[in-house]
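Numbering (my numbering), first residue to last: 76 to 202. Just so you know, even glycine gets a beta-carbon here, dropped at the ideal spot from N, CA and C.
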């Protein structure tokens, strides 16, 4: 009987265990959410780069000068921090290709970890 009373006094209490489990899980959940939002942000910036590259290829194919196209790219990509965009225009037989490349960074991570390059081509006008 004495042993049973001692045992009842030493039983573990579950009070606070949910709070402890939540405290352990919150950093992991926060990390997953941050990585997901960062990946979405990178994809949105990449899609902007695709659109600007396609527009520039169509402009060159219509006969715009390369300087006009470069200024158009810088104007259209104002949300992409245009000073960091590299523009390369290639002329092939009956197509014109524009290659835009840019380094991206995610807030909170040091350095520019992601380098995106987008090549879009358009058929020359009149061919």
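Go ahead and pull the three-state DSSP assignment for residue i.
i           : result
residue 176 : strand
residue 143 : helix
residue 131 : helix
residue 226 : The question about residue 226 has no answer, for the chain in this structure spans 76 to 202.
residue 110 : helix
Return the chain-ordered list of same chain residues with a C-beta closer than 7 Å to the C-beta of residue i, the five sequence neighbours on each side being excluded.
i           : result
residue 191 : 121, 124, 176, 177, 179
Given a threshold of 16 other Cβ atoms within 10 Å of its Cβ, counted over all protein chains shown, does residue i qualify as buried or as exposed?
i           : result
residue 104 : exposed
With DSSP as the reference, identify every bridge partner of residue i, one or two as the case may be.
i           : result
residue 189 : 179
residue 194 : 174
residue 161 : 176
residue 166 : 171
Would the C-beta of residue i count as close to the ligand PLP, meaning under 8 Å from any of its heavy atoms?
i           : result
residue 115 : Absence of the ligand PLP is noted for the structure shown, with no ligands found whatsoever.
Quick one: what's got a C-beta closer than 8 Å to residue i's C-beta in the same chain, skipping five residues either side?
i           : result
residue 116 : 181
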